[in-house]
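For the protein sequence lines, the chains are A and B, in the order given. Mapping of the first sequence onto my numbering: residues 6 to 127, in sequence order. Mapping of the second sequence onto my numbering: residues 519 to 752, in sequence order.
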Amino acid sequence: MVTAVTNFGRSGLYDWLMQRVTGVVLLCYFGFIGAVLVTHPDISYSEWRSTFEPTWVRIFSVAALLSLAVHAWIGLWSVLTDYVTPRMLGDKANLLRGLATLACAITLFTYLVWGIQIIWGS
Amino acid sequence: MLQVSIYRYNPETDSEPYMQDLEVDTGGKDLMVLDVLELIKAQDSTVAFRRSCREGVCGSDGLNMNGKNGLACISPLSETVKNNKLIVRPLPGLPVVRDLVVDMSLFYQQYEKIEPYLQNDTPAPAIERLQSPQEREKLDGLYECILCACCSSSCPSFWWNPDRFIGPAGLLQAYRFLADSRDTATEERLAKLDDPFSVFRCHGIQNCVAVCPKGLNPTRAIGHIRNMLLQRAT
Ligand code: SF4
Ligand code: SF4
Ligand code: FES
Chain A
6 MVTAVTNFGR SGLYDWLMQR VTGVVLLCYF GFIGAVLVTH PDISYSEWRS
56 TFEPTWVRIF SVAALLSLAV HAWIGLWSVL TDYVTPRMLG DKANLLRGLA
106 TLACAITLFT YLVWGIQIIW GS
Chain B
519 MLQVSIYRYN PETDSEPYMQ DLEVDTGGKD LMVLDVLELI KAQDSTVAFR
569 RSCREGVCGS DGLNMNGKNG LACISPLSET VKNNKLIVRP LPGLPVVRDL
619 VVDMSLFYQQ YEKIEPYLQN DTPAPAIERL QSPQEREKLD GLYECILCAC
669 CSSSCPSFWW NPDRFIGPAG LLQAYRFLAD SRDTATEERL AKLDDPFSVF
719 RCHGIQNCVA VCPKGLNPTR AIGHIRNMLL QRAT
């Protein structure tokens, strides 16, 4: 049996909604980054840096980073509960999936904290 | 002569499944795949497959023919065979009992879970519960399902989690009762579907729509269920 305890939200609907909402935030953010690159084809390092100075860009960046973490978490959890299951891999699968889930959580959390540090650091 | 390759497995004598190659004389006619299987059975009576109505009504002969699920009895060779070769396998993702016969227990368990019968706790009227023509129309495209399992056994999400994902056939039937004006258990039905697996393992790949021999659209029904869950939560 694959248990639902590690899923992000309380219901499938909640996960599904989060996946959609975070997807939209990411789309907007990459649209924004894309627009910056297209309008400044020869962007210098200092210009690039100053793009991220305004508070609203920082908030936007953190929102995108958070969305990325949530989006990845739900997605990876789905993939792991599809493929790393006793049905697919036998008895050891639950332990393996637990470890893989933990690894995903640690990685995402690390990137999240590190990313926020980069965005809000001077 | 039609080249036929057919999946064989007898758990009592074979250590593993294998493909048996045969030649079948179709007399140049555009037979149905089921007719070809019958011709093979006349040559070799050990070949096992299910069939009954031979006209696409009972849903017993769901098979994988040249890579696509369908009912053998209504699949003409002209639409199935490529390069004069017919490849017949059991429905994918389900345990094989023997040759082309699969164990459908998991499929039926999912069907059972959605409680596929009308539930109404109001006192029964003297004759029958009436529906307007408009209310009745909502069941079109839902009630026609013959439970052949062609859809669910072509769905990757059902392959990976057949014990927790209801699958397209079960969800189509779940919606058939959610959409029925005479059914009063809508809330209870929705509450049972709101976990991360039952409905939400559907990723909209639409394999189910591509294979349904009755031309039904489980993906659309799943979308309706999702909307009902969304409305219920807001
Ligand atoms: S929805 Fe179509 S493919 Fe699926 S079980 Fe019903 S009739 Fe068969
Ligand atoms: S649309 Fe959903 S139910 Fe249909 S095959 Fe794809 S994942 Fe399965
Ligand atoms: S034999 Fe009944 S559906 Fe094909």
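Ideal Cβ placement from N, Cα and C applies to all residues, glycine included. Please read these numbers as outputs of a predicted model, since none were measured by experiment.
From the DSSP output, in three-state form, read off residue i for me.
i, result
"B:R569", "coil"
"A:S49", "coil"
"A:L85", "helix"
"B:E487", "Chain B is shown from 519 up to 752; residue 487 of chain B falls before or after that span and cannot be answered."
"B:I645", "coil"
"B:I684", "coil"
"B:D548", "coil"
"B:Q637", "coil"
"B:C673", "coil"
"A:G80", "helix"
"B:I632", "coil"
"B:A739", "helix"
"A:F57", "coil"
"A:S66", "helix"
"A:C33", "helix"
"A:G17", "helix"
"A:A74", "helix"
"A:T112", "helix"
"A:G95", "coil"
"A:T8", "Note that A:T8 scores 45 on pLDDT, short of 50, meaning its location in the model is unreliable and no value can be drawn from it."
"B:N745", "helix"
"B:P731", "coil"
"B:G574", "coil"
"A:T106", "helix"
"A:T27", "helix"
So does residue i have its beta carbon nearer than 6 Å to some heavy atom of ligand 1?
i, result
"B:K586", "no"
"B:I664", "yes"
"B:A687", "yes"
"B:C673", "no"
"B:L734", "yes"
"B:C668", "yes"
"B:L696", "no"
"A:L81", "no"
"B:L690", "yes"
Are the beta-carbon atoms belonging to residue i and residue j less than 7 Å from one another?
i, j, result
"B:G688", "B:I632", "yes"
"A:V89", "A:A77", "no"
"B:S670", "B:G685", "yes"
"B:D713", "A:G80", "no"
"A:L31", "A:S72", "yes"
"B:D617", "B:R526", "yes"
"B:F718", "A:W21", "yes"
"B:R607", "B:N582", "yes"
"A:V67", "A:I121", "yes"
"B:C591", "B:G574", "yes"
"B:L636", "B:D701", "yes"
"B:L734", "B:C668", "no"
"B:D621", "B:P613", "yes"
"B:R707", "B:L690", "no"
"B:D579", "B:R569", "yes"
"B:E596", "B:D548", "Checking the displayed sequence, the identity of residue 596 of chain B turns out to be Ser instead of Glu. Yes; because the gap between Cβ atoms is below 7 Å, this pair is in contact."
"A:A74", "A:L113", "yes"
Would the C-beta of residue i count as close to ligand 2, meaning under 6 Å from any of its heavy atoms?
i, result
"B:G742", "The sequence as given places His at residue 742 of chain B; Gly does not occur at that position. The answer is no for B:H742."
"B:S650", "no"
"B:H721", "yes"
"B:Q628", "no"
"B:C730", "no"
"B:N725", "yes"
"B:T737", "yes"
For residue i, which residues does DSSP report across the bridge?
i, result
"B:A539", "It should be noted that the sequence gives Asp, not Ala, for residue 539 of chain B. Answer is B:S523, bridged to B:D539."
Can you determine whether any heavy atom of ligand 3 sits closer than 6 Å to the C-beta of residue i, and answer yes or no?
i, result
"B:D617", "no"
"B:C571", "yes"
"B:G577", "yes"
"A:C109", "no"
"B:L589", "yes"
"B:G574", "yes"
Hey, which unbroken runs of the alpha helix (DSSP H) at 4 residues or more fall wholly within the stretch 580 to 624 of chain B? Whole alpha helix (DSSP H) segments, 4+ residues: 595 to 598.
At 4 residues or longer, and completely inside the stretch 695 to 727 of chain B: list those alpha helix (DSSP H) runs for me, N to C. Fully enclosed alpha helix (DSSP H) runs of 4 or longer: 704 to 711.
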